[in-house]
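Notes to accompany the following structure.
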C-alpha cells in the first residue's frame with residue numbers, strides 16, 4: 003500500500019528555486035499496475051525518485067506499507083530500497099562482464115543472505131521474468147536488449163519487493179521486444195506484484211490498469227484503463 | 009555483506025579490467041621490490057663490514073704507543089712509532105685491571121724471511137699463547153706458540169697460509185721444516201687458518217714467534233709494539249678502557265693535561281663508526297626506492313579515481329538496490345588495498361630475486377631481513393588505505409539519482 007499525501011519537492015539551483023512537485027496526492031493498493039505518465043519536465047522523474055526512496059519530499063507524507071518514508075536518513079532510505087523496492091531502468095544498468103546470475107543476485111548481496119540461497123532466489127526470479135535457462139551463466143554484455151531487460155526485471159524481483167518501479171523500461175527497445183517486456187510486467191502483476199510504470203508514451207501506459215497523468219508538478223487526471 | 013562476498017565482488021571488479029589492474033600493481037611491485045632489494049644490499053654491506061671488523065677479535069681493546077718525539081723537538085713522528093709500551097705494562101694490565109678476559113702483547117716488525125730457494129718480506133709478530141683467543145686466530149695444522157716456548161726463548165714459528173705459499177709453494181706440508189727470519193733459523197710448529205685479506209695488511213701472510221724470542225734475538229729490547237686486550241663482554245669495555253688508560257698514565261707518570269704517550273682504541277667504536285656509515289648508505293638507498301613506492305601509490309589513487317568515475321552508474325545502481333555508503337566505501341577501499349597488497353607480495357618476490365641477482369652477479373653480500381618483509385607488507389597495505397581512501401569516500405558520497413543518470 004502506497005499513500006502519497008500532498009507531496010511537494012523544491013530544487014535549489016543557485017539562486018533560482020524550482021518547484022518540481024506542487025502537491026501531489028494519490029494511493030496505490032497492493033497488487034495494482036499503475037502507469038505514471040507525463041511529458042519530460044512534468045515532475046514524473048522527481049515523483050519516481052521519491053516513490054523509489056532515492057529522495058525525500060520537501061513537504062508532505064509518503065507512507066509505504068504504513069511506514070513513513072518521507073523523513074528518513076540516507077542509510078534508512080537504503081534499507082527501504084533494499085527490502086521493499088525493485089528498480090527496472092531504461093538503460094538496464096547491468097554490471098558489465100558479469101554473469102546473468104550474479105547480476106540478478108546482486109541486491110541480495112547487501113541483505114546478508116548466504117550465497118547458495120541467493121543463487122536459488124536468483125534462478126526463481128529469472129524463471130519468473132521468462133529468461134532462458136541456458137543463458138544464466140552468460141556475461142551480461144553478450145545479451146540482446148530484450149534479454150538484458152528480462153535480467154533487469156529478474157533483478158528487481160529477486161528481493162520480493164512491495165513495489166516494482168519501472169522507469170521507461172521499453173525506452174531502449176524496439177516495439178516488438180517492448181511489447182514482450184510489457185507482457186512480462188502484466189504477468190507479474192497477475193501473480194500479485196505491485197508495479198508502477200513511469201513513461202511518457204500513452205501506448206506504453208495503456209498496458210497498466212490505471213494511469214496517473216502528471217503535468218507541471220500536479221496530477222492532471224487519473225483514468226482507469228479498460229482492457 | 010560478509011568478507012567472502014566482498015572479496016568475490018572485488019575479484020570480479022578487478023578482473024573486469026585486467027590490464028589496468030596489472031599495470032597499477034606493477035607500480036607497487038617495483039616500489040616494494042626496490043625497497044626490499046636496496047635494504048638487502050645495505051644490510052649485506054653492513055653485515056660484511058661488521059664481520060670483517062669482528063674477525064680481528066671481539067670485545068677488543070688495542071693499546072698502541074704514542075708518537076715519537078725527539079728531545080727538545082716539536083716534530084712528531086707517526087703514532088705508534090714511539091717505544092713507550094713495555095712487557096711490564098702488559099703484565100701490569102693483565103694482573104691489575106679487572107674484567108679482562110685475556111691480554112696479548114705483541115712485538116711486530118717486518119723482516120726478510122727465507123726458506124730453501126725462496127724468500128719474502130713479511131710481518132713477524134712476536135707474541136704470547138693467548139694471542140689466538142684475543143685476535144681470533146685459528147690453527148689448521150700443528151699448534152700455536154706455547155708458554156714453554158715462551159719461557160725457554162725457543163726459535164719456533166707459526167706461519168700464515170699466504171706466507172707458506174710464498175715460501176714453500178701452495179698447500180705444502182711445512183710443519184717441522186725450517187725458515188730463516190733475519191738470518192736466524194726457526195722451526196715451523198703450526199699453520200694458521202686462512203682469514204682472507206682485511207684492508208691493507210693481509211693476516212694470512214703473518215708469521216708468529218714467541219715474544220721473548222722476538223725481544224731477545226730480533227729486536228734486542230723489551231718494548232712491545234701493541235697490547236691487545238679482550239674484555240669479558242661488550243658492557244665492560246668502556247670500564248676496561250678507562251682503567252687501562254688510568255693505569256698506564258700512572259705507570260708512565262703522566263699527569264692528566266699532558267698528552268698520553270700511548271693510545272687506547274676500542275673496537276666497539278670502530279664498529280659503531282662503520283655501522284653508522286652503512287646505515288646512512290642504507291637509508292639513502294631505501295629513500296630513493298621509497299620515492300618509487302610513493303609514485304606507485306599515486307598510481308593506485310589515479311586508477312581508483314578513474315575507476316570511480318567510470319563506474320559511476322554501477323555505484324548508482326548498487327545504491328539504488330540498497331547498498332549504503334559503508335558497503336560502497338568498503339568495496340572500493342578494499343579494491344585498492346587488494347591491489348597494493350598483491351603488489352606487496354610480488355614486490356617482495358621481485359626484491360628477493362633482485363638481491364639474489366646482485367649477490368650472484370655483482371658479488372655483493374646481501375641480507376633480506378624479516379623486518380623489511382613485514383615492513384613491506386605493512387607499507388603496501390597502508391598505501392592502499394591512504395591512496396584508496398579518497399576515491400572510496402568519493403564513490404560512497406555519490407548521489408544515486410545523479411549517478412544512475414551519469415553518461
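Residue numbers (my numbering), protein chains in the order written: chain R, 3 to 229; chain P, 9 to 415. The beta carbon of each residue, even a glycine, is placed where N, CA and C say it ideally should be.
Residue i burial status per 10 Å Cβ neighbour count (16 or more: buried)
{"i": "residue 12/P", "result": "exposed"}
{"i": "residue 261/P", "result": "exposed"}
{"i": "residue 204/R", "result": "exposed"}
{"i": "residue 11/R", "result": "buried"}
{"i": "residue 117/P", "result": "exposed"}
{"i": "residue 238/P", "result": "buried"}
{"i": "residue 195/R", "result": "buried"}
{"i": "residue 157/R", "result": "buried"}
{"i": "residue 270/P", "result": "buried"}
{"i": "residue 192/P", "result": "exposed"}
{"i": "residue 130/P", "result": "buried"}
{"i": "residue 267/P", "result": "exposed"}
Run of the beta strand (DSSP E) containing residue i, from where it starts to where it stops
{"i": "residue 127/P", "result": "127-135"}
{"i": "residue 417/P", "result": "Chain P is shown only over 9 to 415; residue 417/P falls outside these bounds and no answer can be derived."}
{"i": "residue 206/R", "result": "Here residue 206/R belongs to no beta strand (DSSP E); instead the alpha helix (DSSP H) covers 204-207."}
{"i": "residue 64/R", "result": "61-66"}
{"i": "residue 25/R", "result": "18-30"}
{"i": "residue 73/P", "result": "68-73"}
{"i": "residue 122/P", "result": "108-122"}
Option in the options with minimal Cα separation from residue i
{"i": "residue 276/P", "options": "28/P, 59/P, 48/P and 46/P", "result": "59/P"}
{"i": "residue 71/P", "options": "25/P, 255/P, 157/P and 173/P", "result": "255/P"}
{"i": "residue 14/P", "options": "338/P, 182/P and 370/P", "result": "338/P"}
{"i": "residue 202/P", "options": "147/P, 252/P, 374/P and 154/P", "result": "147/P"}
{"i": "residue 180/R", "options": "151/R, 83/R, 3/R and 29/R", "result": "151/R"}
{"i": "residue 136/R", "options": "187/R, 102/R and 159/R", "result": "102/R"}
{"i": "residue 333/P", "options": "349/P, 315/P and 407/P", "result": "407/P"}
{"i": "residue 230/P", "options": "328/P, 135/P, 281/P and 66/P", "result": "135/P"}
{"i": "residue 243/P", "options": "222/P, 158/P and 108/P", "result": "108/P"}
{"i": "residue 463/P", "options": "182/P, 36/P and 225/P", "result": "The displayed coordinates of chain P run from 9 to 415. Any statement about residue 463/P would go beyond what the structure contains."}
{"i": "residue 220/P", "options": "248/P, 143/P, 112/P and 299/P", "result": "112/P"}
{"i": "residue 146/R", "options": "100/R, 168/R and 175/R", "result": "175/R"}
{"i": "residue 193/R", "options": "121/R, 168/R, 127/R and 206/R", "result": "127/R"}
{"i": "residue 228/P", "options": "379/P, 63/P and 91/P", "result": "91/P"}
{"i": "residue 172/P", "options": "158/P, 319/P, 216/P and 138/P", "result": "216/P"}
{"i": "residue 74/P", "options": "356/P, 304/P, 286/P and 257/P", "result": "257/P"}
C-alpha gap between residue i and residue j, whole angstroms
{"i": "residue 106/R", "j": "residue 376/P", "result": "49 angstroms"}
{"i": "residue 344/P", "j": "residue 177/R", "result": "44 angstroms"}
{"i": "residue 128/P", "j": "residue 156/P", "result": "28 angstroms"}
{"i": "residue 219/R", "j": "residue 316/P", "result": "34 angstroms"}
{"i": "residue 161/R", "j": "residue 291/P", "result": "57 angstroms"}
{"i": "residue 184/R", "j": "residue 172/R", "result": "8 angstroms"}
{"i": "residue 322/P", "j": "residue 76/R", "result": "18 angstroms"}
{"i": "residue 132/R", "j": "residue 186/R", "result": "8 angstroms"}
{"i": "residue 43/P", "j": "residue 364/P", "result": "14 angstroms"}
{"i": "residue 94/R", "j": "residue 154/R", "result": "6 angstroms"}
{"i": "residue 410/P", "j": "residue 59/R", "result": "17 angstroms"}
{"i": "residue 1/R", "j": "residue 40/P", "result": "This structure does not reach residue 1/R, given that chain R is present from 3 up to 229, and the question cannot be answered."}
{"i": "residue 168/P", "j": "residue 46/P", "result": "37 angstroms"}
{"i": "residue 23/R", "j": "residue 165/R", "result": "21 angstroms"}
{"i": "residue 308/P", "j": "residue 367/P", "result": "32 angstroms"}
{"i": "residue 140/P", "j": "residue 152/P", "result": "8 angstroms"}
{"i": "residue 10/P", "j": "residue 369/P", "result": "48 angstroms"}
{"i": "residue 115/P", "j": "residue 125/P", "result": "27 angstroms"}
{"i": "residue 327/P", "j": "residue 120/R", "result": "19 angstroms"}
{"i": "residue 109/R", "j": "residue 21/P", "result": "16 angstroms"}
{"i": "residue 306/P", "j": "residue 362/P", "result": "24 angstroms"}
Anticipated Cβ contact below 8 angstroms, residue i with residue j, distance rounded
{"i": "residue 235/P", "j": "residue 97/P", "result": "7 angstroms"}
{"i": "residue 212/R", "j": "residue 36/R", "result": "5 angstroms"}
{"i": "residue 313/P", "j": "residue 399/P", "result": "5 angstroms"}
{"i": "residue 215/R", "j": "residue 45/R", "result": "So it is not a contact: roughly 11 angstroms between Cβ atoms."}
{"i": "residue 252/P", "j": "residue 101/P", "result": "6 angstroms"}
Start and end residues, alpha helix (DSSP H) containing residue i
{"i": "residue 329/P", "result": "It is not in any alpha helix (DSSP H) - residue 329/P carries neither H nor E in the DSSP assignment."}
{"i": "residue 26/P", "result": "26-62"}
{"i": "residue 82/R", "result": "76-86"}
{"i": "residue 148/P", "result": "Not the alpha helix (DSSP H): residue 148/P falls in the beta strand (DSSP E), residues 147-150."}
{"i": "residue 153/R", "result": "147-159"}
{"i": "residue 189/R", "result": "177-192"}
{"i": "residue 3/R", "result": "First-last for residue 3/R: undefined, no H or E at that position."}
{"i": "residue 123/R", "result": "117-130"}
Contact test: residue i Cβ vs the ligand NAP heavy atom, cutoff 8 angstroms
{"i": "residue 380/P", "result": "The ligand NAP is not among the ligands present in this structure, which contains no ligands whatsoever."}
Residues, ordered as in the chain, of the segment 321-337 of chain P that lie near chain C by beta-carbon distance below 9 angstroms: The displayed structure is made up of protein chains R and P, and chain C is not among them.
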